Structures are given as structure tokens and as C-alpha cells.
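Q: Next up is a structure, given as C-alpha cells.
Protein chains: 2
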Amino acid sequence: MEIGAAKNKRLRRKPAAPPAAGRRGPTPPQTTLKRIADQLKVSMSTVSRVLSGQARRYRISAPTETAVSNLARQFNFVPNQLARGLRLKKTLTIGLVIPDVSNPFFAGIAHQVALGARQHGYSILLCDSQENLELEAQALGLLRHRQVEGLVLCPVGTSAAHLVDLVQAHLPIVLVDRYFPDLSLPYVAADNLTGAREATELLISNGHRCIACLQGVRGSSPNEFRVRGYQQALARHRLPVDASLLVGDSFGEQSGYIETKLLLRNRKDVTALFAFSNLLALGALRALAEEHRRIPDDISIIAFDDQPYAAYLAAPMTTVSQPRSEMGDVAVKLLFDQIQSPEREPTGGILLPTSLIVRRSVKKIK
Amino acid sequence: MEIGAAKNKRLRRKPAAPPAAGRRGPTPPQTTLKRIADQLKVSMSTVSRVLSGQARRYRISAPTETAVSNLARQFNFVPNQLARGLRLKKTLTIGLVIPDVSNPFFAGIAHQVALGARQHGYSILLCDSQENLELEAQALGLLRHRQVEGLVLCPVGTSAAHLVDLVQAHLPIVLVDRYFPDLSLPYVAADNLTGAREATELLISNGHRCIACLQGVRGSSPNEFRVRGYQQALARHRLPVDASLLVGDSFGEQSGYIETKLLLRNRKDVTALFAFSNLLALGALRALAEEHRRIPDDISIIAFDDQPYAAYLAAPMTTVSQPRSEMGDVAVKLLFDQIQSPEREPTGGILLPTSLIVRRSVKKIK
DNA sequence: AGTGTTAGCGCCAACGTTTGCGCAACACAA
DNA sequence: TTGTGTTGCGCAAACGTTGGCGCTAACACT
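Protein chains in written order, with my numbering: chain A, 16 to 381; chain B, 16 to 381.
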């Protein structure tokens, strides 16, 4: 008896009318291969093959082909990529994890990654980790659930513990900007060391001896290399390295503001500021304005990461420009390299040159 | 206990070891419900129910539950969201289509949308339409294939033809920034009319009579409303409207540069510039610098869309600030409102107030 | 008439999950 | 013994696609 009931239930089928757009039904049932197939009295396979452009390969006759594609168009058929992905084990999706999309630096990278992905026919799942390690880890988990085929990650922190799962699962990954020297993951970053060294040397050659650094997050690779570059420059010129000139530990605007304020109060001997990010520079600008210090007369400044507006500032700012777009570009290349040939051992890292853009925020002193 | 025995038995037949990371196999087969179920001699249903936190509801015994969740952890089980989405007809994904992520304005919106989506447990598929209508249309198609449950769209153009399919399919949509007054789609935008009027009035009250507008793409709603605001202000003060003062037709930097150059050459009577976007302002700045015009002494300028650096420019720029984050925020709200109650007729549009930030790029004349 | 070839398509089993039913098995009261 | 609950779980059917395999005609050769 129950069996009979079940059977009936199973047999209950909809009369499958074409999705007449007349009524505003709750949800117009999706057009599927099956619906088209039934309508045309052919099999789903046939429909599938026509609609995936395989008609030729499977020798579907011209009449059938046109019939199918016409009906598909008429029904406004949209293949379900979930089903497709499930069957094919291919999602054509990559994950992009970024600390803050609204930061122009990361936005630039994101932009380029988006373009590159599209060119390869891939879509992007975007996650904003808000400079927060935990959110980043969550995002990575989420992306795995969603079967992304690859990952472009701008890690927020200094820890890579949450990455081991992923690399064990052989998920193609590319790190951008920040990376982990001890983890042999492919990465692309700016040549922070050279960039910072050149910037510092510019300062030194302009007579500056007491140069403060507005750091970003300590332990992160960009920060460490920039510090090292700074120190190398000092060393080359036999200048002492004063650890107390290395202040701050976030790339954010707040930090730039506060640390500059502090510096202005406590270290009257500082003649130049080296801001390790555009946000830090912005904070410094704010502090400087508040304290009525003029650039470059009262204090010189160089910032990492160029900005469009840098040239039109009250004191056009000398900056270390990073090739954002190229970074995004290379990241995509490295990623698809891995995706397309998974057997090959992933490449090492790539360092892209920075360029020092000299404007007028550095004063020659002495 | 029985479970343990079963396990042993099972293991003797098929030594399916946990995904030992010892070897670098071609692709470690994904851990699935089935694998766990087989190993434990229970059914997939049970595993599914435990792993989706439904153990209680289905009265799974405590031993079974812990056994399942332990093994899942051990195997590093990751549920396949494609399969899940297919079954549940729920992808927990929304699409975000943006003309250019690297534009700070859109980046700000994207950022906020990303946050909002995450809070609702949704992921974002990001598409960059590159200010190109065709790419935008492609992106929309793609997102449909991928069964997104909703769409946040910053349309590039003035045409909405490619949207009709989507609204017919009852796909929840929110338009941001640019919208189509004749299409009754929910949108959120800045109150461009008022913003532009206020800006223009500031100019007028400072004695300016010949004010040129650097327009964005004509026919787009922000542009049209800004023009209208500009004209309203002129009208209120009984000033003539000179159509030849409305130049350009792109929001890009190039356009700002070129049109400013032209203006400088052909219209010596212009005393003030009203740039309809930050990029346009940037272009104007470049042109002005090249021509050695000083702001505000030689020419005044106001720009739509505030920038962090605006305050520190050679001439701190007076701007019409748009509440980017709030726009993103509201967009998400409107979208999830639709997603969560599909029966309700979508809301109309929401206009967010702009604020005029007066700095020093406007000179009092006469 | 018998055999081979080819064109044109259908069958069916996946892919990994979820869930409505329903079935044993046991407990306990009557 | 029968009846009535409860506990704990399994069956199997979806969800929409795809592709290997194989089937049936029809036609072409001997």
C-alpha cells in the first residue's frame, strides 16, 4: 500500500509547459536539457551535444541540430554550471583573496587578475579578508568548498599555517605581494629590497642622516625586505642603524598618523620619513598638516607605492612605484601555468622591479 | 565497539588509507560522504546528517555521531558545494559586476558589498566589465549560468536591453550608481542632482559665471542628473546655460585631460571647472599643470567624488563626496531583501545624500 | 543474399549531496 | 501474545550534465 503511494508520487509529473512568460509564477522552473529533449522527442545527450557545440563530433544531423538550438534559444536555455562542474570536475573558477579591495594597491591587482581570469574563461570568487588572519582562513575554507581550481592570495599576515591543507591537496596557489620565504610556494612581489634601498639612498644622497621608517606589519615579507633595503643603504654609507627609528606595525592610515605624531614629538632630529605604504604616507600627511610641518622644507618624505594624485600634492611626492598591474598579470600567468600542467613542480617566486619616481618631497640639506 | 570492528573488517578488504601526504599522487581523490560512509559501514545519509549538524534532528546516536565527525576531520572532509547547490538549488552566491575595480569609487563599493555578502553567508563572483557594454552583457550571462541568486550591478552604459532576460527570470538585482529611470529596478545611487546643484551654487556664490563641466558618459544617469543640477543652479541665479560648456563624454582620466586642454585653448572666459568624477579631475589636474595654470588663482575647480588625497593637493580640492560604503551597504540590503522575500515587489530606488567638502580650490572672484 | 560501413542517436551511469519515507529492533504496557 | 511507542538508521530518488558505449537503420559493396 505504501509502496503504491510512493509509486504514485513518483509518477506525478508536471505537464511541462514551455515557460510561458505570461504569469508571474513563483519561480519559472529552469529550462533544462530534459525539457528540451522531451519536447523534441530526442534524448538529453543529443541536446547536450548540440548545445555544447559538439554536434559535429557526434554527427548530429543538421535538422536535429537546428531544431535543438532553436528551441533552446526560444526557451532561453541556460546550462547549469553547477551540474556541469559536478560532472566534469571543473568549475572554471579561481579564488581571489585580498586584504582590502578598497585599497588602490590591491584593487589594481584585483583588476588585473579579473581580466586575466576572464581571458582564460575563468570566473573569480572574491573574498575580502579585511586584513584579518582568521577571516582569511575562513575564506580559504570557503573557496575549497566551492571547488575553486586555483587561488590568488594576498596573505595578510606572517603565518602560513592555514595554507598547508591547501598545498597538500595540490591546489594551485599563487601568493601576491606578501609571501613566505620558507614555504616554497610560487609568488609574485615587488622587489622591495631594492626599492627601499634606492629610496633610502636618495634620501642619504640628499644629506639626510636621520631617516625614520613608518613600517607596515612586522614579519610580513614586504616589510622585512623594505627594512632590509633601508638598512643596506645605511650600511653602504656607513651610517648607524637606529632601531628606534623603525616605528609602527600596520600598513594602515591610522598607524601612519599616530607614528608620525609621535615621531614629531619625540625625535626632533628626524629629517626624513620613509612611509612603507600609500596609506601610511596618507596618515603622515595628515599628521604633518596638523603639526604645520611643511614638505619638504621641514621634513622630507618618500612613500612606497605610487598614487595617481602623488604628482599633484602640495609637495609632489617622491615614491617607489610598484608594478601593480604587472603583478596581477604575472600572478594569473603563474596560476594558470599550474592549473594547466599540474604535474610540473611549481615555479619559485618572481620579483618585479620597482621604480623610483622622483618628485619634490625630498629636500637637499646640509 | 561494533563500529571499531566494522572498521577493521573493512580495512582488511580495502586498505583505503587516509590521504597520507607521503606520496605526491596525481590527484588525491576527494573525500566524499560515500568514502566516509563506506569506511564506517553506515549510510551516506547518516554521514550527511551528522556533517550538516542535523544529527539531533534525525536522532543519530552519540557514538555514531562522534565516529563520523572524527573520521571526517581525519580525512579532512570538505563538502562539495556544487553538489550541494545542485541538490538544494541554492548556491549562496551573488554576482558583482563593476566597470573597473581599480577605480577607487567602485573599489569602495565592492569592498562593502563583499563584507555584506559575507555576513549573509554569501560569496561573490566578481566581474570587471571594463566599462564595456558587451563585456557587461557577457558577464551577466556567465553569472546566470552559475546560478547566482542575486546581482549587484554597476552598469556601464545607458542601455538596459541586456537586463530584461534577467528581470524576467525574476533574478534579484540591484543597480548601483547608474540606473535606468524607465526600468523599475531597485537601485541605489548618490543624489547627483542635489550634489551638483550645491557644487555649482558654491561656484556661483563665489562669483563664477562661466563654469565648464567635464562630463562623464552622456545619457548615463549620474551624468544626466549632474548636468541637471548644474543647470538648476544656473537657472536659479538667472545665469545663461551655454551648452558648449558641457564637454566630454567619458568618466576617464584621458577625457578630463583632453577636454581641459581644449577648454583652456578655446574658452579663455572659463573661470571654473566642474569635473564629474575623480578621474576627470585628475586629467584636468594634469592638463592644468602642463599649461601652468594654478588652482585656484587662475582657475577654480570642484570635483565629484572625494578622494583621500584631495585634502593634501597643491590646492586642496573642494569635492562632492559620495557615500561609497553606504551605497555598497544599501545595495546589499536591497538585494538580500529581494532574495529573502521574492514575492514582494522590489523596492524602488534609493538616493543617498552627497556632501560638499569645501577646501581651497575655489577662488572668490570679482 | 550476405557482409561491412557509417550516420545518427539513445541508454545509462556517473558526479556528491540532501531528505522524505519507512523499516527494523527493542521497550514496555495491556 | 498483541499493540503502541521510540530509537536509530538506510533506501533511493532527485538536482542537471556529460560521454562511453552500443544500438538501429540505411546504404554500399561483394
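Even glycine gets a Cβ: it sits at the ideal position worked out from N, Cα and C. The model shown is predicted, which means the values in this text are computed figures rather than measured ones.
Could you pull the start and end residues of the beta strand (DSSP E) that A/GLY364 belongs to?
A: Here the beta strand (DSSP E) through A/GLY364 covers 364-367.
Q: Is it buried or exposed for A/THR81, if we count other Cβ within 10 angstroms and need 16 for buried?
A: Classification for A/THR81: exposed.
Q: Which first and last residues belong to the beta strand (DSSP E) in which A/PHE289 is found?
A: Its beta strand (DSSP E) spans residues 287-290.
Q: At a Cβ threshold of 8 Å, is B/TYR324 touching chain A?
A: Taking Cβ atoms only, chain A reaches closer than 8 Å to B/TYR324, which makes this a yes.
Q: Which complete beta strand (DSSP E) runs does the stretch 193-259 of chain A hold, if anything under 3 residues is left out?
A: Here the runs fully enclosed are 202-205, 226-229.
Q: Could you tell me the distance, in whole angstroms, from the CA atom of A/PHE195 to the CA atom of A/VAL203?
A: If I take the Cα positions, the gap works out to 11 Å.
Q: On the premise that A/LEU97 lies in contact with B/LEU97, defined as a C-beta separation below 8 Å, what is that separation, rounded to the nearest angstrom?
A: About 5 Å; that satisfies the 8 Å criterion.
Q: Cutting at 6 Å between CB atoms, please list the residues of its own chain near B/TYR73, excluding the five before and the five after it.
A: So the list reads ARG64, once near-sequence residues are dropped.
Q: Rounding to the nearest angstrom, what Cα-Cα distance links B/LYS381 and B/CYS225 in this structure?
A: Going by the C-alpha atoms only, they are around 12 Å apart.
Q: Note down, in chain order, each residue of its chain lying with its Cβ closer than 8 Å to the Cβ of B/VAL242, except the 5 sequence neighbours on either side.
A: Cβ within range, chain order: ALA211, CYS228, GLN230, LEU261.
Q: How is the alpha helix (DSSP H) around A/THR81 delimited, first residue to last?
A: Here the alpha helix (DSSP H) through A/THR81 covers 77-90.
Q: Could one say the Cβ of A/ASP321 lies closer than 8 Å to chain B's Cβ atoms, at least one of them?
A: With 8 Å as the cut-off, A/ASP321 does not count as an interface residue toward chain B.
Q: Using a beta-carbon distance below 8 Å, is A/THR106 in contact with chain B?
A: So yes, A/THR106 belongs to the interface.
Q: Quick one: is A/ASP312 near chain B, going by C-beta distance under 8 Å?
A: Answer no: the Cβ-Cβ gap between A/ASP312 and chain B never drops below 8 Å.
Q: List, from N- to C-terminal side, the alpha helix (DSSP H) runs of 4 residues or more that fit wholly inside the stretch 281-354 of chain A.
A: Complete alpha helix (DSSP H) runs here, min 4: 293-305.
Q: Are the CB atoms of A/SER376 and A/MET332 within a distance shorter than 8 Å?
A: The answer is yes: Cβ separation under 8 Å.
Q: Which residue's Cα is closest to the Cα of A/LYS348: A/PRO187, A/VAL171, A/ARG71?
A: For A/LYS348, the nearest C-alpha among the options comes from A/PRO187.
Q: One question on the structure: do B/ARG12 and A/SER138 come within less than 8 Å of each other, judged by their Cβ atoms?
A: With chain B represented from 16 up to 381, any question about residue 12 of chain B goes unanswered, as that position is not in the structure.
Q: Residues in its own chain within less than 6 Å of B/PRO368 by CB, not counting five upstream and five downstream?
A: The answer, listed in chain order, is ASP206.
Q: Are A/LEU166 and A/LEU181 touching if we call contact CB-CB under 8 Å?
A: Yes, Cβ-Cβ distance for A/LEU166 and A/LEU181 is below 8 Å.
Q: To which residues does DSSP link B/GLY68 through a beta bridge?
A: DSSP, once it has assigned bridges, lists no residue as partnering B/GLY68.
Q: Leaving aside the five residues before and after B/MET59 along the sequence, list all residues of the same chain whose C-beta is less than 7 Å from its C-beta, in chain order.
A: The residues are LEU48, LYS49, ALA52.
Q: Taking the alpha carbon of B/LEU111 as the reference point, which residue from B/LEU157, B/SER174, B/ALA290, B/ALA70 has its own alpha carbon closest?
A: It is B/LEU157 whose Cα lies nearest to the Cα of B/LEU111.
Q: What residues from the stretch 158-170 of chain A come within 9 Å of chain B, judged by C-beta to C-beta, listed N to C?
A: Residues passing the 9 Å Cβ filter: LEU158, ARG159, HIS160, ARG161, GLN162.
Q: Going by the CB atoms, is the gap between B/VAL163 and B/ILE109 shorter than 8 Å?
A: A contact, by the Cβ cut-off of 8 Å.
Q: Within a Cβ cutoff of 6 Å, which residues of the same chain sit near B/THR46, ignoring the five residues on either side of it in sequence?
A: Only PHE90, PHE92 meet the Cβ criterion.
Q: Please confirm if the stretch 213-222 of chain A is in contact with the stretch 266-277 of chain A, defined as three or more CB-CB distances below 8 Å between the two stretches.
A: With the cut-off at 8 Å, the stretch 213-222 of chain A and the stretch 266-277 of chain A do not touch.
Q: Of the residues A/VAL191, A/LEU249, A/HIS223, which one's Cα is nearest the Cα of A/PRO7?
A: Outside the modelled stretch of chain A, which goes from 16 to 381, sits residue 7 of chain A, for which no answer is possible.
Q: Taking the alpha carbon of A/ARG309 as the point to measure from, which residue in B/LEU168, B/LEU295, B/LEU328 has its own alpha carbon closest?
A: The shortest Cα separation from A/ARG309 among B/LEU168, B/LEU295, B/LEU328 belongs to B/LEU328.
Q: Could you give the residue range of the alpha helix (DSSP H) that holds A/ASP143?
A: No alpha helix (DSSP H) contains A/ASP143, which is instead part of the beta strand (DSSP E) from 138-143.
Q: Counting only Cβ pairs nearer than 8 Å, list the residues of chain B close to A/PRO94.
A: Per Cβ cutoff of 8 Å: HIS160.
Q: Where do the ends of the alpha helix (DSSP H) carrying A/LEU97 lie?
A: Segment 96-103, the alpha helix (DSSP H) holding A/LEU97.
Q: Can you check which of these residues, B/TYR245, B/SER84, B/SER117, is closest to A/GLN322 by C-alpha distance?
A: Comparing Cα positions, the closest option is B/SER117.
Q: Starting from A/VAL93, follow the beta strand (DSSP E) in both directions and report where the run begins and ends.
A: Unbroken run through A/VAL93: none, as it is neither H nor E.
Q: Could you tell me the distance, in whole angstroms, from the CA atom of A/ALA290 to the CA atom of B/LEU254?
A: Cα to Cα, A/ALA290 sits roughly 48 Å from B/LEU254.
Q: Quick one: what's B/THR108 bridged to in DSSP?
A: Beta-bridge pairing links B/THR108 to B/SER138.
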